[in-house]
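K.L.:
I'd like to ask some things about the structure below.
Numbering (this note's numbering), first residue to last: 6 to 254.
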């Protein structure tokens, strides 16, 4: 009977030792094995967490970089148009001022008003995209927060196993909690993937609308600028003709 019991203990990974004063069972080997299993489980969990964090950070950065790049491109186009407006009108206004100071000053005021109008049109476009840009950032922040909560929960669940002193209980708890933590992280990764798709879809919708509106605004402002330049050229030509007639009298 004793031999059979000893064999069962050895199969379970327990050491059996017979000493003077009675039979004593020692489970040191099992304790070491259970502790190793727990440490391996923690390492496995860390790798899974690292993989999840890397996935979330990479996807978040891709979306953030895309938003920044496209908005910067639109803002650069706006800046370029304002600079071109200033360059093109300044030369014509200076030329007109030489021909007729009073009229030149009046046209300069008109030009400044148009310049302000162009700036306001771009500011209006910027006010629309501003909240959407913040919303995208907020959605990404919320997702990262959800991931952090999930990770903390997974780590906490596995850490609960440390309260077990018996090797069998520690091994059982480690396996159960690691399985559950793995499922939690897998579910979180799938949820994050779905959320990223939603965010990317929203980003594309608002950025395309913003790009179209920006382009329309640029085209409208370009036409106004061309009309003004055309008028300035006409004024300069007319003033030159008047000046030439007066000089021939």
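Every residue gets a Cβ at the ideal spot worked out from N, C-alpha and C, and that includes glycine.
Counting pairs of Cβ atoms below 8 Å between the region 92–99 and the region 174–188, do you hit three or more?
P.N.:
Flag = no, the region 92–99 and the region 174–188 do not touch.
K.L.:
Output needed for residue 179: all residues of its chain with C-beta closer than 6 Å, excluding positions within five of it in sequence on either side, in chain order.
P.N.:
Residue numbering aside, residue 179 sits at position 174 when the chain shown is read from its first letter. Correct list, in chain order: 42, 43, 46, 166.
K.L.:
Classify residue 91 as buried or exposed, calling it buried when 16 or more other Cβ atoms lie within 10 Å of its own Cβ.
P.N.:
Residue mapping note: residue 91 aligns to position 86 of the chain shown, counting from 1. It counts as exposed.
K.L.:
Nearest to residue 227 by CA position, among 143, 171, 153, 87, is which residue?
P.N.:
The residue labelled residue 227 in the question sits at position 222 within the chain shown. Residue 87 is the option with its Cα nearest to residue 227.
K.L.:
Report the start-end ranges of each alpha helix (DSSP H) in the region 86–170 that is 4 residues or longer and not cut off at the edges.
P.N.:
Taking only runs of at least 4 residues, the alpha helix (DSSP H) segments lying wholly in the region 86–170 are 106–164.
K.L.:
CB residue 61 to CB residue 208, shorter than 8 Å?
P.N.:
As a first step, residue 61 must be located in the chain shown, where it is residue number 56. As a first step, residue 208 must be located in the chain shown, where it is residue number 203. No, they are not a contact pair.
K.L.:
Could you tell me whether the region 143–159 touches the region 189–198, using the rule of 3 or more Cβ pairs below 8 Å?
P.N.:
The region 143–159, when compared against the region 189–198, does touch it at the 8 Å Cβ threshold.
K.L.:
Compute the distance between the beta-carbons of residue 119 and residue 233, then report whether it is under 8 Å.
P.N.:
One-based indexing of the chain shown puts residue 119 at position 114. One-based indexing of the chain shown puts residue 233 at position 228. Cβ atoms of residue 119 and residue 233: closer than 8 Å.
K.L.:
Verify whether the separation of the beta carbon atoms of residue 215 and residue 89 is less than 8 Å.
P.N.:
Residue 215 sits at position 210 when you count from the first residue of the chain shown. Residue 89 sits at position 84 when you count from the first residue of the chain shown. No, Cβ-Cβ distance for residue 215 and residue 89 is not below 8 Å.
K.L.:
Give the straight-line distance between the Cα atoms of residue 248 and residue 111, rounded to the nearest whole angstrom.
P.N.:
Here the question's residue 248 lines up with position 243 in the chain shown. Here the question's residue 111 lines up with position 106 in the chain shown. Computed Cα separation, rounded: 19 Å.
K.L.:
Considering only their Cβ atoms, is the gap separating residue 152 from residue 57 smaller than 8 Å?
P.N.:
One-based indexing of the chain shown puts residue 57 at position 52. One-based indexing of the chain shown puts residue 152 at position 147. Yes. Within cutoff.
K.L.:
Nearest to residue 229 by alpha carbon, out of 81, 202, 121?
P.N.:
One-based indexing of the chain shown puts residue 229 at position 224. Out of 81, 202, 121, 121 has the C-alpha closest to the C-alpha of residue 229.
K.L.:
Within 10 angstroms of its Cβ, does residue 66 collect 16 or more other Cβ (buried), or is it exposed?
P.N.:
Counting from one through the chain shown, the residue named residue 66 turns up at place 61. Exposed: under 16 other Cβ atoms inside 10 Å.
K.L.:
Straight-line CA distance for residue 221 to residue 210?
P.N.:
As a first step, residue 221 is located in the chain shown; it is residue number 216 there, counting from the start. As a first step, residue 210 is located in the chain shown; it is residue number 205 there, counting from the start. The alpha-carbon atoms of residue 221 and residue 210 are separated by roughly 17 Å.
K.L.:
Taking only the alpha-carbon atoms, compute the straight-line gap between residue 40 and residue 157 and give it to the nearest angstrom.
P.N.:
Counting from 1 along the chain shown, the entry for residue 40 is found at position 35. Counting from 1 along the chain shown, the entry for residue 157 is found at position 152. Their Cα atoms are separated by approximately 22 Å.
K.L.:
Assuming residue 219 contacts residue 133 (C-beta within less than 8 Å), just tell me the rounded distance between them.
P.N.:
Numbered from 1 along the chain shown, position 214 holds the residue referred to as residue 219. Numbered from 1 along the chain shown, position 128 holds the residue referred to as residue 133. Residue 219 to residue 133, Cβ: 10 Å. No contact.
K.L.:
What number of angstroms, rounded off, separates the C-alpha of residue 139 from the C-alpha of residue 69?
P.N.:
Here residue 139 corresponds to residue number 134 of the chain shown, with the count starting at 1. Here residue 69 corresponds to residue number 64 of the chain shown, with the count starting at 1. The straight-line gap from Cα to Cα measures roughly 11 Å.
K.L.:
Using 10 angstroms around the beta-carbon of residue 217, count the other beta-carbons present and answer buried if the total reaches 16, otherwise exposed.
P.N.:
As a working mapping, residue 217 is identified with position 212 in the chain shown. Exposed: under 16 other Cβ atoms inside 10 Å.
K.L.:
Distance check for residue 81 and residue 125, CA to CA, integer angstroms please.
P.N.:
Numbered from its first residue, the chain shown carries residue 125 at position 120. Numbered from its first residue, the chain shown carries residue 81 at position 76. In a straight line, the C-alpha of residue 125 is about 16 Å away from that of residue 81.
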